[in-house]
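Chains E and R supply the protein sequences, listed in that same order.
Residue numbering for the first sequence follows this note's numbering, starting at 1 and increasing by one per position.
Residue numbering for the second sequence follows this note's numbering, starting at 1 and increasing by one per position.
Heads up, the thing below is written out as structure tokens.
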Amino acid sequence: GGIITQTPKFLIGQEGQKLTLKCQQNFNHDTMYWYRQDSGKGLRLIYYSITENDLQKGDLSEGYDASREKKSSFSLTVTSAQKNEMAVFLCASSIRDRSNTGQLYFGEGSKLTVL
Amino acid sequence: SQWGEENLQALSIQEGEDVTMNCSYKTYTTVVHWYRQDSGRGPALIILIRSNEREKRSGRLRATLDTSSQSSSLSITAAQCEDTAVYFCATEASSGSWQLIFGSGTQLTVMP
Numbered sequence: 001g002g003i004i005t006q007t008p009k010f011l012i013g014q015e016g017q018k019l020t021l022k023c024q025q026n027f028n029h030d031t032m033y034w035y036r037q038d039s040g041k042g043l044r045l046i047y048y049s050i051t052e053n054d055l056q057k058g059d060l061s062e063g064y065d066a067s068r069e070k071k072s073s074f075s076l077t078v079t080s081a082q083k084n085e086m087a088v089f090l091c092a093s094s095i096r097d098r099s100n101t102g103q104l105y106f107g108e109g110s111k112l113t114v115l
Numbered sequence: 001s002q003w004g005e006e007n008l009q010a011l012s013i014q015e016g017e018d019v020t021m022n023c024s025y026k027t028y029t030t031v032v033h034w035y036r037q038d039s040g041r042g043p044a045l046i047i048l049i050r051s052n053e054r055e056k057r058s059g060r061l062r063a064t065l066d067t068s069s070q071s072s073s074l075s076i077t078a079a080q081c082e083d084t085a086v087y088f089c090a091t092e093a094s095s096g097s098w099q100l101i102f103g104s105g106t107q108l109t110v111m112p
């Protein structure tokens with residue numbers, strides 16, 4: 001089996017600060033995702049990447065940058081943290097399964113708090 | 001609207017009861033995923049049902065898919081306390097898309 005490792009697990013930042021979250025997977029999956037989850041709400045897609053060096057915007061990409069320099073890693077940058085922002089960022093990977101998006105494997109999440 | 005913007009629905013039942021959670025999706029999809037998220041953890045897939053399957057079972061779980069009404073359901077038979085979790089459905093943004101869109105989810109609490 002494989003694992004998705006997200007770092008850091010907890011991130012505290014200041015308003016206006018640029019903050020970076022990292023994600024590593026050893027499944028050898030082609031596709032990786034970043035989702036944002038606000039308290040009491042569902043998951044919203046920020047960015048995804050079909051393969052190394054590919055980047056695709058999700059519905060929540062404004063205010064974020066992403067980087068996929070290696071197949072195994074996918075980084076997400078909050079370009080300017082918003083005051084009182086609090087959310088969990090979830091990284092996932094998947095393999096294409098026939099013509100469908102296959103099972104997503106998620107990390108444990110990175111919790112962001114902005115003071 | 002984006003599903004994820006909506007608040008989680010809450011459902012509370014007694015141990016031993018059956019429960020069904022429903023999911024309606026907005027665009028054509030060839031697959032519906034159902035995920036379970038335990039507190040403090042990332043979601044984990046529990047059932048994946050494709051458009052050529054009307055029903056799929058896994059232990060006490062049963063998923064259905066009705067492509068004509070663009071809806072899916074997840075049923076749990078004889079729920080147990082350890083079934084307490086948030087349950088999400090997820091579908092492709094469009095047919096064959098790489099983008100997986102999650103529903104707003106249901107917080108299921110099973111009481112002893």
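Note that beta-carbon positions come from the ideal geometry of N, C-alpha and C, so glycine has one too.
- Distance check between R:LEU74 and each of R:ALA63, R:THR67, R:ASP83 places R:ALA63 closest, using alpha-carbon atoms only.
- DSSP, read as helix, strand or coil, puts E:GLU69 in strand.
- By the criterion of a C-beta distance shorter than 7 Å, E:GLY109 is surrounded in its chain by GLN6, VAL88, PHE89, LEU90, once the five residues flanking it on both sides are discounted.
- DSSP places R:ARG62 in the uninterrupted beta strand (DSSP E) bounded by 61-66.
- The region 10-54 of chain R is shown to contain whole beta strand (DSSP E) runs of 3 or more residues at 19-24, 31-37, 44-50, in chain order.
- When the Cα atoms are used, E:ASN28 and R:SER71 turn out to be separated by approximately 33 Å.
- Nearest CB-CB separation between E:TYR64 and chain R: not below the 8 Å threshold.
- In this structure, the alpha-carbon of R:HIS33 lies about 17 Å from that of R:SER69.
- Residue contact check for R:PRO112 against chain E: no CB pair falls below 8 Å.
- If the five residues before and after E:GLU85 are omitted, its C-beta is found closer than 7 Å to the C-beta atoms of LEU112, VAL114, all from its own chain and listed in chain order.
- R:PRO112 and E:TRP34 have their C-alpha atoms spaced approximately 36 Å apart.
- The C-beta of R:GLN70 comes no closer than 8 Å to any C-beta of chain E.
- Scanning chain E for C-beta atoms nearer than 7 Å to the C-beta of R:SER104 yields LYS41, GLY42, reported in chain order.
- Distance from the CA atom of E:ILE3 to the CA atom of E:ILE95, rounded to whole angstroms, is 14 Å.
- Contact annotation: R:GLN37 and R:PHE88 have beta-carbon atoms nearer than 8 Å.
- For the region 13-40 of chain E, the set of residues with a beta-carbon nearer than 9 Å to any beta-carbon of chain R comprises THR31, TYR33, TYR35, ARG36, GLN37, ASP38, GLY40, in chain order.
- Cβ contact annotation for R:SER94 (same chain, cutoff 6 Å, sequence separation greater than five): THR27, in chain order.
- Taking a 10 Å sphere around the C-beta of R:ALA78, we find fewer than 16 other C-beta atoms and assign the residue as exposed.
- Rounded to whole angstroms, the separation of the alpha carbons of E:LEU104 and R:PHE102 is 12 Å.
- Under the three-state reduction of DSSP output, R:GLU92 falls in the strand class.
- Leaving aside the five residues that flank E:PRO8 on each side, the residues in its chain whose CB is nearer than 7 Å to its CB run, in chain order, SER110.
- R:THR109 and R:GLN9 do not touch by the CB rule: their CB atoms are close to 12 Å apart, not below 8 Å.
- Taking the Cα of E:GLN25 as reference, the smallest distance to any Cα among E:SER39, E:GLU52, E:LEU60 is reached at E:GLU52.
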